[in-house]
Structures are given as structure tokens and as C-alpha cells.
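Heads up: the sequence shown begins at 32 in the numbering used here, then just goes up one per residue.
Built from N, CA and C at the ideal position, the CB exists for glycine as well.
Reading through the C-alpha cells given below for one structure.
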Amino acid sequence: MSEVIDTPPNTRKPKPSSWPRYIEAELGFRDHWYPAFFGAELTEADISDHHGDEVSNIRTEVLLGERILFRRVNGKVYAVEDRCRHRGVTLAARPECYTADTITCWYHGFTYNIEDGKLATVITDPQCPHIGRIGLHSYPTEELAGIVWVYIGDDDPPPLAADIQPELLEADLTVAPFGWSKVVNSNWRIAAENAFDPGHAYIHRNSELVIENRVPTVLSNTNIKRGNGMEVVDPEEGPIGVRIERAGGTQVWEAVAAEGVSIGARFRPGDPGAMEGMVPDVSIWLPAGVTVDPFPAPGIMQFEWFIPVDRGRHRYMMTWAKRGLTTEAQRQEFFAELEGSWLNDVPEKFNHDDVFAREAMAEFYDRGEGWANERLYGPDAVITAWRRLVSHRGGKIQTPAHAWADEETA
Ligand code: FES
Ligand SMILES: [Fe+2]
Numbered sequence: 032m033s034e035v036i037d038t039p040p041n042t043r044k045p046k047p048s049s050w051p052r053y054i055e056a057e058l059g060f061r062d063h064w065y066p067a068f069f070g071a072e073l074t075e076a077d078i079s080d081h082h083g084d085e086v087s088n089i090r091t092e093v094l095l096g097e098r099i100l101f102r103r104v105n106g107k108v109y110a111v112e113d114r115c116r117h118r119g120v121t122l123a124a125r126p127e128c129y130t131a132d133t134i135t136c137w138y139h140g141f142t143y144n145i146e147d148g149k150l151a152t153v154i155t156d157p158q159c160p161h162i163g164r165i166g167l168h169s170y171p172t173e174e175l176a177g178i179v180w181v182y183i184g185d186d187d188p189p190p191l192a193a194d195i196q197p198e199l200l201e202a203d204l205t206v207a208p209f210g211w212s213k214v215v216n217s218n219w220r221i222a223a224e225n226a227f228d229p230g231h232a233y234i235h236r237n238s239e240l241v242i243e244n245r246v247p248t249v250l251s252n253t254n255i256k257r258g259n260g261m262e263v264v265d266p267e268e269g270p271i272g273v274r275i276e277r278a279g280g281t282q283v284w285e286a287v288a289a290e291g292v293s294i295g296a297r298f299r300p301g302d303p304g305a306m307e308g309m310v311p312d313v314s315i316w317l318p319a320g321v322t323v324d325p326f327p328a329p330g331i332m333q334f335e336w337f338i339p340v341d342r343g344r345h346r347y348m349m350t351w352a353k354r355g356l357t358t359e360a361q362r363q364e365f366f367a368e369l370e371g372s373w374l375n376d377v378p379e380k381f382n383h384d385d386v387f388a389r390e391a392m393a394e395f396y397d398r399g400e401g402w403a404n405e406r407l408y409g410p411d412a413v414i415t416a417w418r419r420l421v422s423h424r425g426g427k428i429q430t431p432a433h434a435w436a437d438e439e440t441a
């Protein structure tokens with residue numbers, strides 16, 4: 032006879048949350064810098080001919096439900112709200128730019144200055160009193176480590192350095208000027224937690240990259256807590272995050288799956304032919320970036336980001352870096368190594384297992400009552416530390432009123 036061992040999930044009363052603002056922040060947190068795209072993906076502005084042909088050198092991205100238009104003028108990237116002040120259409124639907132630093136709405140000719148968003152002229156009503164008085168929201172941008180960053184917030188931005196992985200600022204680090212990026216169908220919080228989840232190492236035991244390169248990969252790390260393999264980094268000014276230190280907690284290489292059945296990691300450190308020096312530090316930083324050091328091979332560091340697009344999607348970005356490269360030839364050799372293998376192999380033969388897991392969680396968390404009904408276990412201690420920290424230190428909660436971009440078209 033079977034014994035009832037638990038209350039069915041949907042009848043249990045949810046406990047008051049210990050991370051209330053995190054639960055609310057399905058669209059992310061304002062007042063932070065986010066990576067938008069790799070700088071190499073936007074070249075210098077082109078200009079329409081005098082009939083108003085469409086230009087090609089603009090870029091639109093939806094971040095936190097806001098559709099943002101980017102254009103590079105004299106090397107600098109500018110960003111404005113991609114929504115005409117007149118009747119709200121998307122300027123990027125048919126982008127017209129009669130000068131490098133303006134964008135004209137294809138519908139009635141409202142023409143905006145790209146640098147500050149101000150309405151500069153109206154082609155179909157040159158005396159329009161709105162000229163100089165209204166404009167598009169203009170977003171601060173910066174370019175660092177080959178990435179265009181945009182500030183989503185209302186006040187003056189903090190330094191970008193407060194919102195990025197601290198390793199990105201190391202003086203002897205070379206970051207690749209390219210990387211990988213894709214929109215994934217899950218909420219951003221699920222993605223951030225997946226990347227930083229010690230128990231999820233289990234899904235990578237059969238990742239092709241692990242097998243092909245004989246990468247020692249634990250089944251899980253248990254007993255991680257503050258002072259035992261985990262550090263919560265919470266200074267007055269950022270970066271703010273959680274670190275899992277090398278070999279944090281107790282590593283699980285072998286476990287019993289059922290009576291008489293044991294399961295083990297495919298490769299352990301010291302196994303014949305196993306990749307050496309591959310026990311990584313993993314850390315996560317506000318608003319949503321991760322460092323894995325080293326990965327996918329000794330001496331290479333992987334950076335990842337999980338940027339809210341809308342409630343049900345995030346942009347998954349990653350790039351790689353190496354310390355101590357002193358000559359241009361060494362840098363080019365590193366970039367060639369990435370382009371020759373890791374740029375494709377890491378997302379397609381390793382992190383695709385993470386994407387699979389995030390999308391598999393969407394039903395429970397994004398559309399269901401997962402936040403109230405989950406039953407966390409020991410290795411999730413680092414995830415709850417992250418949730419508490421973000422709930423406490425994250426910026427203003429992005430509301431549906433801020434997130435005007437249509438989820439169908441975003
Ligand atoms: S909708 Fe843009 S000018 Fe009318
Ligand atoms: Fe993973």
C-alpha cells in the first residue's frame with residue numbers, strides 16, 4: 032500500500048516569501064545597466080537618399096519590455112525609445128535617416144535627434160509646435176568588453192562598473208570582441224538560477240562537450256553555505272553578487288540511483304585523458320550576469336548574461352576571455368581558437384542542456400504557481416542567497432506600465 036508522503040502541491044498554502052521583490056520582478060529591475068548586443072554587430076550609421084530609402088544600420092532590441100533603437104554615429108552608439116511620439120509606431124519598421132544623427136518616422140515624418148531623442152523637425156508640418164519640445168526617451172549607453180550596454184532607469188546612471196562581473200575590469204584580461212546570443216523562452220530569473228545552480232551539474236553529465244573533451248563534471252555540490260564555499264558580496268556600491276568558490280561544499284562524483292544501481296560522473300580530475308585544471312569558480316552578479324572561471328578549457332573564462340526581454344523570454348548572451356595575453360598575435364590566436372570551436376561548441380554542445388531545462392521550467396514558474404509551490408533542497412542554498420540579495424539590492428521593479436513593447440512583436 033502506498034503511503035501519502037506529502038500534500039499535493041496545489042493544496043499547500045504558500046508561505047510568505049523571503050524574497051518578495053524578486054518574485055515581483057518578472058520583467059526585471061530598473062536602474063541597472065544591461066548588455067544589449069555585441070558592438071561589432073552595429074557598424075557606422077548609413078543615410079537614406081533624398082527619397083527616403085530605408086537604412087540598414089540601425090538595430091532594435093527589446094529589453095525589459097522596452098523596444099530600444101540603436102544607431103552608431105561617429106563611433107558612438109546612441110539609443111532611443113523605438114516608438115514614435117505621434118502615433119506610437121515602431122520607427123525601425125521602415126527606418127529612414129536623412130542624416131547620420133537623426134531618425135525620421137516613416138509615417139508622418141516626425142524627425143528625431145538620435146543623440147538626445149528630441150523632436151528636431153516634422154517633415155509634413157515644418158511649423159509644428161511640438162518641435163524642440165517633445166522627444167523620445169534617450170537611453171545612456173556605453174561600450175565595454177566588446178559589448179554595447181544600455182541603462183534602463185529613470186535617474187542618472189551609476190558607473191557601469193557597478194553592474195558588471197568584476198573580472199571584466201581586470202587589467203590583463205582580453206575579452207573576445209564577439210560572442211553568442213539567442214532569445215530563449217523562459218523568464219530571466221529561471222535562467223540566472225539555472226546557470227548558478229550547483230545541483231544542475233547533473234544535467235551536464237551527458238553534454239556532448241563534456242564527453243568529447245573529457246571534462247571532469249561533478250554530479251552536484253552539496254553543503255554549500257556562507258563560509259563553506261559560498262560568499263555573498265554585498266558592498267555599498269556594486270558589483271553585488273554571490274560567489275561559489277572553487278570546489279565549494281562537498282562534491283558528489285558518485286551516487287546511488289536505486290538499490291544496487293550507482294551512477295557516476297563520466298570523468299573525474301586525474302582520470303586518464305581527463306582535462307586538467309577544470310574545477311571552476313562560478314559567480315553571479317546584479318542585474319543578471321555570471322562568470323565561470325575556467326570554462327570551457329583551462330585558462331578561458333566564460334561570461335554569461337540573462338537579460339529580460341518580456342515576461343516569458345530572456346536574451347541569453349555569452350562570451351569568453353583570457354588573462355595574460357600580451358601580444359596582438361596571442362590575442363588573434365585566442366580569437367581563432369574561439370571561432371574554430373568554442374563559439375559553436377559551448378552553446379550547442381553544453382549550454383543547450385541549460386536552455387532545455389529553462390524552457391522545461393516555464394510551465395511551472397512563468398505560467399503556473401511555481402514560486403509558491405516549489406520545494407527547494409540543500410544545493411539550492413546558493414539560489415536562495417541570490418534571491419534574498421536581489422530582492423534587497425535590485426533597483427526599482429519594472430512594471431507592465433514601463434514594458435510597453437507588445438509581447439507578440441517584441
Ligand atoms: S506615427 Fe510617427 S510621424 Fe506619425
Ligand atoms: Fe549549466
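{"Query": "Would the beta-carbon of valine 120 fall within 8 Å of that of tyrosine 143?", "Result": "no"}
{"Query": "How about aspartate 113 and leucine 94: do their beta carbons lie closer than 8 Å?", "Result": "no"}
{"Query": "For a minimum of 3 consecutive residues, which ranges assigned as the beta strand (DSSP E) are wholly contained in the region 332–410?", "Result": "344–354"}
{"Query": "Taking the alpha carbon of histidine 82 as the point to measure from, which residue in Arg102, Thr135, Glu92 and Phe60 has its own alpha carbon closest?", "Result": "Thr135"}
{"Query": "Would you mind sorting proline 247 into buried or exposed? The rule is 16 or more other CB atoms within 10 Å of its CB.", "Result": "buried"}
{"Query": "Helix, strand or coil for alanine 436 per DSSP?", "Result": "coil"}
{"Query": "State the DSSP-derived secondary structure class of glycine 320, mapped to helix, strand or coil.", "Result": "strand"}
{"Query": "Is any heavy atom in ligand 2 found nearer than 7 Å to the beta carbon of aspartate 385?", "Result": "yes"}
{"Query": "May I ask whether a heavy atom of ligand 2 can be found less than 7 Å away from the beta carbon of asparagine 254?", "Result": "no"}
{"Query": "Return the first residue and the last residue of the beta strand (DSSP E) that arginine 102 is part of.", "Result": "97–104"}
{"Query": "So what does DSSP say about glutamate 267, is it helix, strand or coil?", "Result": "coil"}
{"Query": "For glycine 308, tell me which candidate among Lys213, Ala328, Ile89 and Gly409 has the shortest Cα-Cα distance.", "Result": "Ala328"}
{"Query": "So who's on the other strand from serine 49, going by DSSP bridges?", "Result": "According to DSSP, serine 49 bridges with nothing at all."}
{"Query": "Please say whether aspartate 341 and glutamate 438 have beta carbons closer to each other than 8 Å?", "Result": "yes"}
{"Query": "Going by beta-carbon coordinates alone, are methionine 348 and serine 212 separated by less than 8 Å?", "Result": "yes"}
{"Query": "Determine whether the beta carbon atoms of glycine 177 and threonine 350 lie at a separation below 8 Å.", "Result": "yes"}
{"Query": "To the nearest angstrom, how far is the alpha carbon of tryptophan 50 from that of glutamate 198?", "Result": "27 Å"}
{"Query": "Should glutamine 363 be labelled buried (16 or more other beta-carbon atoms within 10 Å of its own) or exposed?", "Result": "exposed"}
{"Query": "Quick check: the region 253–264 against the region 383–390, are there 3 or more CB pairs under 8 Å?", "Result": "no"}
{"Query": "For the 8 Å Cβ check, are there 3 or more pairs between the region 402–416 and the region 238–246?", "Result": "no"}
{"Query": "Could you give the distance in angstroms between the alpha-carbon of valine 86 and the alpha-carbon of tryptophan 219?", "Result": "32 Å"}
{"Query": "Exposed or buried, glutamate 224, counting other C-beta atoms within 10 Å across all chains shown (16 or more means buried)?", "Result": "buried"}
{"Query": "With 16 as the cutoff for other CB atoms within 10 Å, does alanine 391 come out buried or exposed?", "Result": "exposed"}
{"Query": "Assign valine 35 to buried or exposed, taking buried as 16 or more other Cβ atoms, counted over all protein chains shown, within 10 Å of its Cβ.", "Result": "Unreliable positioning characterises valine 35 in this predicted model, as indicated by a pLDDT of 49, which lies under 50. The coordinate reading is nonetheless provided below. With fewer than 16 other Cβ atoms within 10 Å, it is exposed."}
{"Query": "Excluding the 5 residues flanking glycine 260 on each side, which residues of the same chain have their C-beta closer than 8 Å to its C-beta?", "Result": "Asn252, Asn254, Ile275, Glu276, Ala278, Gly279 and Gly280"}
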